[in-house]
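Reviewing the structure listed below.
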Amino acid sequence: MTSQERSTTPAPQYAQRSYRAPAALVGGALLILLGLWLGADALLRGTPHTKLVALFVLLLGVPLVAAFSLRPLVRADEDRLLVRNPFRTITLPWSAVEELRATFSAEVFTTDGKYQLWAVPVSLRQRKKAARQASRGAGATRSRFGLNADAGPPPKAMADQTLAELRDLKERATHRETAQGEPQVRWSYAILAPAAVGAVGLAVMLAL
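Below, the structure written as structure tokens:
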């Protein structure tokens with residue numbers, strides 16, 4: 191391969207990865223469907239006061255349930271990490287990420303602070319289960335003939351596995367020119383605005 195061919199060879203591309211909490215998605219969808227069903231019944235059959243209360247409850251409740259269950263997302267590619275939390279969206283070029291850590295919650299530490307990863311819940315139960323499996327695997331690394339058997343990498347809890355993948359992406363991308371920049375934070379007004387209207391309206395109706 192000539193020097194010209196080497197210079198025109200594209201850098202390896204890494205597929206975009208998305209992480210969400212399946213249990214939260216299912217639970218949130220069921221809660222929203224239940225709320226819409228009850229709210230629709232109140233809007234169709236209730237008194238004028240009941241209809242207004244139901245309307246404001248829906249305006250408050252549906253966005254909040256969606257914010258904490260359907261909205262959270264972590265998306266990573268070769269240049270940046272996008273963290274979508276209930277009320278904010280944080281875009282982090284990999285150069286701005288200093289550390290990824292999971293203790294009782296998953297967090298990303300940056301040059302200007304830290305942010306929780308709502309889409310990556312930490313389960314102590316999963317960690318204990320993974321530790322038991324690793325312990326059993328370590329005890330079974332010898333075959334019945336007395337030879338060492340390859341048991342593979344030790345199992346990890348979902349949050350720990352996710353952060354290991356994100357750390358790997360960060361290590362590959364930190365010095366890439368396209369991965370430079372400052373953190374950007376955007377508020378989710380599509381969630382906050384209707385929830386605020388619902389809260390104010392519900393407070394007024396309950397005070398009457």
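The sequence shown runs 191 to 398 under my numbering. Glycine residues also receive a C-beta, built at the ideal position from the N, C-alpha and C atoms. None of the values given here were measured: they were computed from a predicted structure.
**OP:** May I ask you to verify whether the region 282-301 touches the region 372-380, counting CB pairs closer than 8 Å and requiring at least 3?
**Re:** By the Cβ criterion, the region 282-301 is in contact with the region 372-380, since at least three pairs of Cβ atoms, one from each stretch, lie closer than 8 Å.
Practice problem: Please state if the CB of Y209 and the CB of A309 are separated by a distance shorter than 9 Å. | Solution: Here residue 309 refers to the residue found at position 119 when the sequence shown is read from its first residue. Here residue 209 refers to the residue found at position 19 when the sequence shown is read from its first residue. Cβ atoms of A309 and Y209: closer than 9 Å.
Under the three-state DSSP convention, the category E268 falls into:
The residue given as residue 268 occupies position 78 in the sequence shown. Coil.
Buried or exposed: which applies to R235, given that a residue is buried once 16 or more other Cβ atoms fall within 10 Å of its Cβ? Translated into positions along the sequence shown, residue 235 becomes position 45. Looking at its Cβ environment, which holds fewer than 16 other Cβ atoms inside 10 Å, R235 is exposed.
Quiz item: K319 and A296: beta carbons closer than 9 Å?
Solution: Taking the sequence shown and counting its residues from 1, the one referred to as residue 319 is at position 129. Taking the sequence shown and counting its residues from 1, the one referred to as residue 296 is at position 106. No, the Cβ-Cβ distance between K319 and A296 is not below 9 Å.
| In chain order, which continuous runs of the beta strand (DSSP E) of length 3 or greater are located wholly inside the region 246-307? | Every beta strand (DSSP E) of 3 residues or more that sits fully in the region 246-307 is shown, in chain order, as 263-266, 270-274, 278-283, 287-292, 296-300 and 303-306.
Reducing DSSP to helix, strand and coil, say where R366 ends up. Mapped onto the sequence shown, residue 366 falls at position 176. R366 falls in the coil class under three-state DSSP.
Quiz item: If we call anything under 9 Å between Cβ atoms a contact, is V298 one with V287?
Solution: To locate residue 298, count along the sequence shown from 1; it is residue 108. To locate residue 287, count along the sequence shown from 1; it is residue 97. A contact, by the Cβ cut-off of 9 Å.
_For V394, the three-state DSSP class (helix, strand or coil)_ = Here residue 394 is taken as the residue at index 204 of the sequence shown, counted from 1. Reduced to three states, the DSSP call for V394 is helix.
Specify the secondary structure class of V387 as computed by DSSP and reduced to three states.
In the sequence shown, the residue the question calls residue 387 occupies position 197. Three-state DSSP puts V387 in a helix.
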